[in-house]
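Please read the structure below before turning to the comments.
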Amino acid sequence: MVIVEADGGSRGNPGPAGYGAVVWDADRARVLAERKEFLGVATNNVAEYRGLIAGLEASAELGAREVAVRMDSKLVVEQMSGRWKVKHEAMIPLADRARRLVAGFDRVSFTWIPRKENSHADRLANEAMDDADTVAEVRSALTAPAGTAAVGHISAAVAGGVVEVPEAVAGTTPVTGYAPGWTGAVGRPTRLLLLRHGQTELSVQWRYSGRGNPPLTELGREQAAKAAAMLARKGGIEAIVCSPLSRARETAAAAGQALGLPVRELPGLTETDFGAWEGMTFQEARDHDPELHARWLGDPSLPAPGGESFDQVRERVEAVRRDLVAMYPGANVLVVSHVTPIKTLLQLALGVGPSLLYRLHLDLASLSVAEFYSDGGSSVRLVNDTSYL
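Just so we're aligned, residue 520 is where the sequence shown starts under our numbering, counting upward by one.
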């Protein structure tokens, strides 16, 4: 038997986060393994779960059959013991991952301990969070001088085309080592494969389609199937998340079936609520509210009548991005969503202003790729690819 003590923390909650885990022998006299990692921006609870997962993985590597987990996180202990339900969306995949690890042992127990009795893991977690400054220094040191040539080629046609990158870059194989070019980001990024849903009747008619729930057309289902087949050929995808609206769920379900993966719905990926303009064409909305519509086109803080603003969309999409980076470090995640959430994720990856929302074109069932590093770096690999349709 081994004893696992784990902890996690976040300076800001969410903020710079890290975890620590230590594996002791059965007498708690000898340290068998230590784990710690800086996670980038995450919450306390995400960091605590990551610490637990690291401790269980280390125990499995040691060949342990029985594990006694001791943590000062009552939330994690109660949820893993089955006495509390896991409600927060960010926690569900982490709890599932921990339970899969637990199932690989003969016996695992969970015990809450006071923080002072968890000092070893707490120290490791704080050392991991302290690494944030080191990561920033390394990233700065690795940044190439201005004028350094970029890897590959990029040809942009933002208004209606595709940003082209070499196949080796655009593929879904996880990146290892350093990021290419001048970014200086280190480690493996979380790669988000951003797939827009297939065609619906409202998209055929170019109508505002926000919280309405039209199903895919026959062509839309065909588009979803072709996208799924392309993703299955590439492989390397660890998880699928999607908007809860039916057009996104149908598109994601096709990918899930092709990849053999479950699909998790995330409300934060829902399309903008267009309020009174829902179902209207651009011209109908402009005729209905000429002054407001004109202002809305240039002001992301202004909501549609009875709806929400693009700033509000950005806030919830940023929360999803933050959770996905924390939950799936270094992994490929398929994100099936809508125009505004996908544009927002690309905006966040590029670090540009809201004008991108009004100038970037995304076709139905198109694929874009954005990468986010744990140290805060990001890049865009692909925009509006429809070559597989």
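Glycine included, C-beta positions come from ideal geometry on N, C-alpha and C.
(request) Select from 594, 630 and 558 the residue whose C-alpha is nearest the C-alpha of residue 614. (result) 594
(request) Determine which residues share a DSSP beta bridge with residue 791 and list them. (result) Per DSSP, none; premise fails for residue 791.
(request) Only counting runs of 4 or more residues, tell me where the alpha helix (DSSP H) segments fall wholly within the segment 819-905, in order along the chain. (result) 829-846, 858-869 and 874-878
(message) Taking the beta strand (DSSP E) that residue 526 belongs to, which residues open and close that run?
(response) 521-529
(request) Would you please state the rounded distance, in angstroms, between the beta carbons of residue 885 and residue 905? I believe it to be under 8 Å. (result) 5 Å
(request) Could you check what DSSP says for residue 711 in three-state terms: helix, strand or coil? (result) strand
(message) Looking at the strands, I want to know which residues DSSP matches up with residue 726.
(response) 800
(request) Return the CA-CA distance between residue 760 and residue 869, expressed in angstroms with no decimal places. (result) Within the model, the alpha-carbon separation for residue 760 versus residue 869 is close to 22 Å.
(message) For residue 649 and residue 559, I'd like the C-alpha separation in whole angstroms.
(response) 11 Å
(request) List the endpoints of the continuous alpha helix (DSSP H) containing residue 618. (result) 610-621
(message) Count Cβ pairs between the segment 771-787 and the segment 818-831 that sit closer than 8 Å; are there 3 or more?
(response) no
(request) Identify whether residue 811 lies in helix, strand or coil by the three-state DSSP scheme. (result) In the structure shown, residue 811 sits in a helix (DSSP, three-state: H, G or I).
(message) Quick test of the definition: if touching needs 3 or more C-beta pairs under 8 Å, does the segment 890-906 touch the segment 838-851?
(response) yes
(message) Under DSSP, the beta strand (DSSP E) around residue 568 begins and ends at which residues?
(response) Unbroken run through residue 568 is the alpha helix (DSSP H), 563-580; no beta strand (DSSP E).
(message) Residues in the same chain with beta-carbon distance under 8 Å from residue 876, minus the five sequence neighbours each way, listed in chain order, please.
(response) 819, 829, 859, 862, 863 and 866
(message) Nearest by alpha-carbon distance to residue 727: which of 852, 800 and 903 is it?
(response) Distance check between residue 727 and each of 852, 800 and 903 places 800 closest, using alpha-carbon atoms only.
(message) If I measure Cβ to Cβ from residue 575 and keep anything under 6 Å in the same chain, skipping five residues before and after, which residues do I get?
(response) 620
(message) The alpha helix (DSSP H) that contains residue 766, what's its start and end?
(response) First-last of the alpha helix (DSSP H) with residue 766: 765-778.
(request) Note down the Cα distance separating residue 908 from residue 757, rounded to an integer number of angstroms. (result) 23 Å
(request) With residue 596 as the anchor, note down where its alpha helix (DSSP H) starts and where it stops. (result) 593-599
(message) In this structure, how does DSSP classify residue 533 when only helix, strand and coil are distinguished?
(response) coil
(message) Please tell me whether residue 525 and residue 590 are closer than 8 Å, where the distance is taken between their beta carbons.
(response) yes
(message) Taking the alpha-carbon of residue 898 as reference, which of 791, 767 and 712 has the nearest alpha-carbon?
(response) 712
(message) Suppose you measure from the CA of residue 568 to the CA of residue 605; what does that come to, to the nearest Å?
(response) 12 Å
(request) Rank 586, 883 and 853 by C-alpha distance to the C-alpha of residue 625 and give the top, closest one. (result) 586
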